[in-house]
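Visitor: Quick note, the sequences are listed as chains Z and P, same order.
Numbered by this note's numbering, the letters in the first sequence go through residues 164 to 177 in order.
Numbered by this note's numbering, the letters in the second sequence go through residues 4 to 267 in order.
Virtual Cβ for every residue (Gly too), placed ideally from N, Cα, C.
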Amino acid sequence: QPKQQVLSRFFSPK
Amino acid sequence: MFELTMAKGSILQGVLEAILDLVNVANVDCSSKGFSLQALDTEHVVFLSLFFPSEVFRSYRCDEDCSMGIAIADMVDLLRASNDGDIITIKVTDQNFEDITITFESPDKTKTTDMDLQLVDARSHRLKISEWHDMESEYQAIFCMPSAQFMLNCKSLSVIDDDVVIRVNEEVISFSTKGKSGCVNISHVPNKTDNPEKASVTLTHMRGPVSLTLNLRYMKSCAKVSTLFDQVKIGLSTKLPLMVECKIAEKGYIRYFVAPKITE
Numbered sequence: 164q165p166k167q168q169v170l171s172r173f174f175s176p177k
Numbered sequence: 004m005f006e007l008t009m010a011k012g013s014i015l016q017g018v019l020e021a022i023l024d025l026v027n028v029a030n031v032d033c034s035s036k037g038f039s040l041q042a043l044d045t046e047h048v049v050f051l052s053l054f055f056p057s058e059v060f061r062s063y064r065c066d067e068d069c070s071m072g073i074a075i076a077d078m079v080d081l082l083r084a085s086n087d088g089d090i091i092t093i094k095v096t097d098q099n100f101e102d103i104t105i106t107f108e109s110p111d112k113t114k115t116t117d118m119d120l121q122l123v124d125a126r127s128h129r130l131k132i133s134e135w136h137d138m139e140s141e142y143q144a145i146f147c148m149p150s151a152q153f154m155l156n157c158k159s160l161s162v163i164d165d166d167v168v169i170r171v172n173e174e175v176i177s178f179s180t181k182g183k184s185g186c187v188n189i190s191h192v193p194n195k196t197d198n199p200e201k202a203s204v205t206l207t208h209m210r211g212p213v214s215l216t217l218n219l220r221y222m223k224s225c226a227k228v229s230t231l232f233d234q235v236k237i238g239l240s241t242k243l244p245l246m247v248e249c250k251i252a253e254k255g256y257i258r259y260f261v262a263p264k265i266t267e
């Protein structure tokens, strides 16, 4: 089953 | 001081209604140029960034840049209490930066309703993303399609499974899924032009074939907002979240960034 990624993998907090 | 006015049922109100299923709290920044909002869904899979330029409002004034956290569900509840034809004013005064004032004025100006909504802490809803014009060139493929078609694709696929695989190459843009009860594959043969026609699916940017797997729950939320507009623009990259964008007037936009699923 594909696993859901989260946005922190792509963007850092401001 | 910040103050904007809009008619009941304006596009901002429609968008706020449509983002409610993903977003509780949003960070709002106001400048002389316009109203921008950023929010993350509770599972941190979707980041929403929107900008409404000042000219889309009936009137707009912002003397000094300001940033505030707004409980969107509460705000939408208050806005729903307005009547047809009301003019809605959203206002923050410099003296009081703890709440915003929302006012409804009846068309004949005989009734006014004032409400205060407390601001909340939404700093965790900010993400550092590159300037968009830098980022767009990072996408491997960008296509545009009628937003009603996008919604229809998401709905048709979700009958079968929770996920969608979007594949883009020079010849075809496909949305497919496979579940216990069967499979669905929807293929579009794209036009290739920089100037997409409203009724067609158009590949505007192509650097190589790409495919992503996404949860349809989030895609349906994006599609819901997009149906407030004619066309939706979708960008795919293996290094960035999926991007779903709708344009508002000349300079405005709503952009969703959706983290894809990955096969381990």
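Give me, in chain order, the residues of the same chain whose beta-carbon lies closer than 7 Å to that of residue 239 of chain P; leave out the 5 immediate sequence neighbours on both sides.
Guide: Walking along the second sequence from the start, residue 239 of chain P turns up at place 236. The answer, listed in chain order, is 142, 143, 144, 169, 171, 213, 215, 245.
Visitor: Among residues of its own chain, excluding the 5 on either side of residue 38 of chain P, which ones have a beta-carbon nearer than 6 Å to its beta-carbon?
Guide: Sequence index remark: in the second sequence, residue 38 of chain P carries index 35 (1-based). Within the same chain, residue 38 of chain P has close Cβ partners 55.
Visitor: Are residue 91 of chain P and residue 8 of chain P closer than 8 Å when you measure CB to CB?
Guide: Locating residue 91 of chain P in the second sequence gives position 88, where the first residue counts as 1. Locating residue 8 of chain P in the second sequence gives position 5, where the first residue counts as 1. Result yes, Cβ atoms of residue 91 of chain P and residue 8 of chain P sit closer than 8 Å.
Visitor: Any idea if residue 172 of chain Z is buried or exposed, counting beta-carbon neighbours within 10 angstroms, 16 or more meaning buried?
Guide: Here residue 172 of chain Z is taken as the residue at index 9 of the first sequence, counted from 1. Under this definition residue 172 of chain Z is an exposed residue.
Visitor: Using the Cβ count rule (16 or more neighbours within 10 Å means buried), how would you classify residue 176 of chain P?
Guide: The sequence position of residue 176 of chain P within the second sequence is 173, counting from 1. Looking at its Cβ environment, which holds 16 or more other Cβ atoms inside 10 Å, residue 176 of chain P is buried.
Visitor: So with CB distances below 8 Å, who are the chain Z contacts of residue 50 of chain P?
Guide: Against the second sequence, residue 50 of chain P aligns to sequence position 47. Near residue 50 of chain P (Cβ distances below 8 Å), the residues of chain Z are 170, 174.
Visitor: Provide the residue span of the alpha helix (DSSP H) that contains residue 83 of chain P, from first to last.
Guide: Position 80 of the second sequence, counting from 1, holds the residue named residue 83 of chain P. Residue 83 of chain P -> alpha helix (DSSP H) spans 75–83.
Visitor: If you measure between the beta carbons of residue 146 of chain P and residue 110 of chain P, is that distance less than 8 Å?
Guide: Position 143 of the second sequence, counted from the start, is the residue given in the question as residue 146 of chain P. Position 107 of the second sequence, counted from the start, is the residue given in the question as residue 110 of chain P. The answer is no: Cβ separation not under 8 Å.
Visitor: Counting only runs that start and end within the region 142–202 of chain P, where is the alpha helix (DSSP H) found for 4 or more residues in a row?
Guide: Listed in chain order, they are 150–161.
Visitor: Any Cβ of chain Z within less than 8 Å of the Cβ of residue 180 of chain P?
Guide: The residue you call residue 180 of chain P lines up with position 177 of the second sequence. False, the Cβ-Cβ gap to chain Z never drops below 8 Å.
Visitor: Using the three-state DSSP reduction, which class does residue 164 of chain Z fall into: helix, strand or coil?
Guide: Locating residue 164 of chain Z in the first sequence gives position 1, where the first residue counts as 1. Correct three-state label for residue 164 of chain Z: coil.
Visitor: Under 8 Å between the Cβ atoms of residue 226 of chain P and residue 153 of chain P?
Guide: Locating residue 226 of chain P in the second sequence gives position 223, counting from the first residue. Locating residue 153 of chain P in the second sequence gives position 150, counting from the first residue. For residue 226 of chain P and residue 153 of chain P, yes; Cβs fall inside 8 Å.
Visitor: If you measure beta-carbon to beta-carbon, which residues of the region 132–164 of chain P are closer than 7 Å to chain Z?
Guide: Residues 132.
Visitor: Residue 59 of chain P and residue 251 of chain P - do their beta-carbons sit closer together than 8 Å?
Guide: Here residue 251 of chain P refers to the residue found at position 248 of the second sequence. Here residue 59 of chain P refers to the residue found at position 56 of the second sequence. Yes, the pair counts as a contact, with Cβ atoms nearer than the cut-off.
Visitor: Check residue 210 of chain P in the structure and name its three-state DSSP category.
Guide: Along the second sequence, read from residue 1 onward, the residue named residue 210 of chain P stands at position 207. Note: residue 210 of chain P maps to coil in three-state DSSP.
Visitor: Compare the Cα-Cα distances from residue 65 of chain P to each of P:93, P:87, P:43 and report the closest residue.
Guide: Here residue 65 of chain P is taken as the residue at index 62 of the second sequence, counted from 1. For the residues P:93, P:87, P:43, the minimum Cα distance to residue 65 of chain P belongs to P:93.
Visitor: Can you list, in chain order, the residues of its chain whose CB lies under 6 Å from that of residue 6 of chain P, leaving out five sequence neighbours each side?
Guide: As a working mapping, residue 6 of chain P is identified with position 3 in the second sequence. Closer than 6 Å at Cβ, skipping near neighbours: 64, 94.
Visitor: Show which residues of chain Z have a CB atom less than 8 Å away from the CB atom of residue 166 of chain P.
Guide: Taking the first residue of the second sequence as 1, we reach residue 166 of chain P at position 163. The contacting residues are 165.
Visitor: Quick one: does residue 73 of chain P have its CB under 8 Å from some CB of chain Z?
Guide: As a working note, residue 73 of chain P is residue 70 in the second sequence. By this cut-off, residue 73 of chain P is not an interface position.
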